[in-house]
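To start, the structure under review is shown below, and the notes come after it.
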Amino acid sequence: MGHRVITPRRCKTIPLYARLVRYGFRKHATYVAAALAGAFTNSVFGILRAYILIALWQARPGLAGYDITDAITYCFVTQAFIAPMQLFGGGLGIPERIRSGDIALDLVRPAPLQAWTLAEDVGRAAYLFLARGIPPMLVGAVVFGVVVPGGPGRWVAFLTGFALAIVVSFGWRYLIALSVCWLVDDRGVAVLSMVLTTFFSGMMVPLHIFPGWLADVARSLPWAAMVQLPTDLYLGKAPVMETLAFQAFWAAVLLGLGALGTRAIRHKVVIQGG
Amino acid sequence: MVSIYARLAWTWTRAAAAYPGSFVLMIVLGFATTALDVAVILVVFANTTTLAGFSRDEVLFLYGTASLAFTVCDMFVSNIDRVSQHIKAGTFDTFLIRPVSAWLQLCADRFNANRIGRVLQAGLVLGYAVAALDLDWRRAWMIPVMVITGIVIFSALWTLAGAVQFVLTDAPELVNAFTYGGHQLTQYPLSIYARDLVRSVTYVLPLAFVNWQPGLYALGRDDPLGTPEFMRFLGPAAALALALAAALAWRQGIRHYRSTGS
């Protein structure tokens with residue numbers, strides 16, 4: 031008898047999300063050929079981009095506190111981030127569900143929409159980290175040679191920063207996805223988000239080499255928490271605690287805004303028909 | 211052939227123009243997307259005056275010529291990239307039974323007029339670079355020649371990419387490495403890349419003739435990698451050879467296609 035009293039709610043919540051993470055992982059693990067093709071393309075672009083950075087670092091050795099190997103590593107780490115961080119946008123499936131009306135079903139599920147989607151997205155990111163994150167790094171290591179963090183401390187710092195970056199990326203994409211509720215055509219916002227994310231995250235060139243004030247502005251925006259900061263943690267070029275705190279700050283802000291947005295669409299959704 | 215393409219394209223354009231607001235917005239955003247690559251070039255040159263011996267305006271010239279050719283193909287040919295989707299959905303059969311070549315129909319499939327924003331962006335950069343560089347006018351005839359050569363090369367590349375998808379139906383993303391990758395490669399002077407890579411894009415997949423070899427002539431420079439002078443003029447021949455290979459591959463792809471009959 032006594033066993034039944036033990037907080038049944040709590041016991042269900044954690045397995046539920048664990049299962050959603052697993053489903054997110056398995057959903058993407060179905061498309062192995064597509065993931066490999068993506069990893070190949072990410073690797074080719076990594077090689078092409080690396081030569082640009084090599085030429086720049088040959089002209090300016092030590093720029094931004096990186097040596098040439100750091101710059102090459104930077105390039106391949108950012109290529110490895112494209113898929114898990116979903117830097118070109120999308121990945122949540124919410125816009126399609128809003129347009130088809132299935133979102134009404136999602137809103138009455140026994141778990142909040144935001145947490146539900148986050149759990150699935152973490153599973154997606156975990157799979158794509160393995161399938162599309164590791165191959166470009168290996169290619170970079172074979173073709174040019176890359177920096178590998180020494181010591182467990184730096185690995186822990188990097189992996190924590192990477193996990194926070196996934197949450198920041200989710201927080202941003204969730205807001206973009208919800209905006210469909212208020213817009214007829216979501217392609218505009220999607221492209222705008224892609225432009226902002228690729229440029230201000232440091233995916234194209236390190237934010238440190240942006241000219242003057244633009245570098246300072248870019249480093250304080252949420253996109254920096256997605257690519258530049260976890261990469262600097264990987265390279266051991268950033269103060270660990272401050273960096274993680276900055277990432278956690280933006281994760282909290284974006285998730286908070288997402289929670290407000292979820293509440294707003296609850297009032298906005300009109301279920302048509304029966 | 212041109213008039214059929216124009217009619218198909220016009221149909222898709224009229225459909226898109228039914229929503230004038232998002233039509234204009236997409237033109238502006240297309241402009242912004244391609245401007246990102248220019249932003250990278252400008253950031254790089256905010257930190258250095260030369261990259262592998264080339265100045266900012268020279269790199270913008272190479273970017274402009276490559277991008278003008280690429281974006282024109284992006285607008286008029288790249289729709290062929292969806293061939294694997296049509297094969298998977300079973301809609302490819304309808305292209306085969308119509309009295310127009312499947313290649314032409316696929317190129318015009320969901321023709322996207324708002325990509326003109328990207329073409330304009332590339333054209334503006336090229337215009338700026340030509341004005342800023344003070345080129346030798348006796349060599350300027352090469353500029354239109356190299357843009358047209360580039361259009362033929364990139365069109366052939368998209369066609370090859372389409373042909374490959376008859377085999378790689380499940381992994382169409384693979385070809386992006388060559389199409390979009392080809393654009394990425396040609397934005398910069400090839401002297402930044404490793405010799406082997408440059409050799410393979412000169413003698414195997416002739417991307418070096420999009421803008422590098424003819425561009426050296428237009429800029430009045432010697433090849434830092436030491437290829438002989440006559441190579442500057444081989445662009446049209448290389449483009450034709452690649453186009454021929456692409457046409458054969460496309461035919462082979464169509465022949466390889468088996469309808470599911472559904």
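Residue numbers (my numbering), protein chains in the order written: chain A, 31 to 304; chain B, 211 to 472.
Cβ atoms here follow ideal geometry from the backbone N, Cα and C, with glycine treated the same way.
DSSP state of residue i mapped onto helix, strand, coil
i: leucine 261(B); result: strand
i: asparagine 322(B); result: coil
i: alanine 387(B); result: helix
i: phenylalanine 188(A); result: helix
i: arginine 203(A); result: helix
i: tryptophan 351(B); result: coil
i: tryptophan 253(A); result: helix
i: phenylalanine 240(A); result: coil
i: tyrosine 264(A); result: helix
i: glutamine 277(A); result: helix
i: tyrosine 61(A); result: coil
i: glycine 68(A); result: helix
i: serine 223(A); result: helix
i: alanine 371(B); result: helix
i: proline 45(A); result: helix
i: asparagine 289(B); result: helix
Straight-line Cα distance separating residue j from residue i
i: serine 311(B); j: threonine 301(B); result: 15 Å
i: valine 247(A); j: methionine 234(A); result: 16 Å
i: threonine 259(B); j: proline 260(A); result: 30 Å
i: glycine 266(A); j: leucine 285(A); result: 27 Å
i: tryptophan 202(A); j: phenylalanine 111(A); result: 15 Å
i: tryptophan 87(A); j: leucine 78(A); result: 15 Å
i: asparagine 5(A); j: aspartate 344(B); result: In the structure as shown, chain A starts at 31 and stops at 304, and residue 5(A) therefore has no counterpart that could be examined.
i: arginine 461(B); j: alanine 373(B); result: 8 Å
i: alanine 101(A); j: tryptophan 243(A); result: 22 Å
i: glycine 32(A); j: threonine 43(A); result: Note that glycine 32(A) scores a pLDDT of 46, beneath 50, so its modelled location is shaky and nothing firm can be said.
i: leucine 246(B); j: valine 225(A); result: 7 Å
i: alanine 245(A); j: valine 212(B); result: 48 Å
i: valine 283(A); j: phenylalanine 200(A); result: 12 Å
i: lysine 57(A); j: arginine 49(A); result: 12 Å
i: asparagine 386(B); j: arginine 249(A); result: 31 Å
i: glycine 278(B); j: glycine 333(B); result: The sequence shown places leucine at residue 278(B), not glycine. Between leucine 278(B) and glycine 333(B), the C-alpha separation is close to 6 Å.
i: valine 198(A); j: arginine 217(B); result: 46 Å
i: tryptophan 280(A); j: aspartate 216(A); result: 24 Å
i: alanine 447(B); j: alanine 65(A); result: 37 Å
i: alanine 145(A); j: tyrosine 215(B); result: 49 Å
i: aspartate 346(B); j: threonine 379(B); result: 48 Å
CB of residue i within 8 Å of CB of residue j, strictly
i: alanine 262(B); j: serine 401(B); result: yes
i: valine 210(A); j: arginine 129(A); result: yes
i: serine 381(B); j: alanine 67(A); result: Strictly speaking, residue 381(B) in this sequence is alanine, with serine absent from that position. In this structure, alanine 67(A) lies closer than 8 Å to alanine 381(B) by Cβ.
i: threonine 99(A); j: glycine 170(A); result: no
i: tyrosine 273(B); j: valine 248(B); result: yes
i: valine 414(B); j: threonine 359(B); result: no
i: isoleucine 206(A); j: glycine 119(A); result: yes
i: arginine 442(B); j: glutamine 423(B); result: yes
i: cysteine 317(B); j: valine 357(B); result: no
i: phenylalanine 280(B); j: phenylalanine 364(B); result: yes
i: proline 166(A); j: glutamine 109(A); result: yes
heavy atom of the ligand NAD below 7 Å from residue i C-beta
i: alanine 282(A); result: The ligand NAD is absent from the structure shown, which contains no ligand whatsoever.
Within 8 Å, do at least three Cβ pairs link the segment 224-235 of chain A to the segment 247-257 of chain A? yes
For the segment 263-276 of chain B against the segment 89-105 of chain A, do three or more pairs of beta-carbon atoms, one drawn from each stretch, fall closer than 8 Å, so that the two count as touching? no
Would you call the segment 226-240 of chain B in contact with the segment 150-169 of chain A, where contact means no fewer than 3 C-beta pairs closer than 8 Å? no
So, do the segment 185-202 of chain A and the segment 272-282 of chain A have three or more beta carbon pairs nearer to each other than 8 Å? yes
Would the segment 302-322 of chain B count as touching the segment 402-412 of chain B if we require 3 or more Cβ pairs under 8 Å? no
Looking at C-beta atoms only, is the number of pairs between the segment 440-459 of chain B and the segment 381-396 of chain B that lie closer than 8 Å three or more? no
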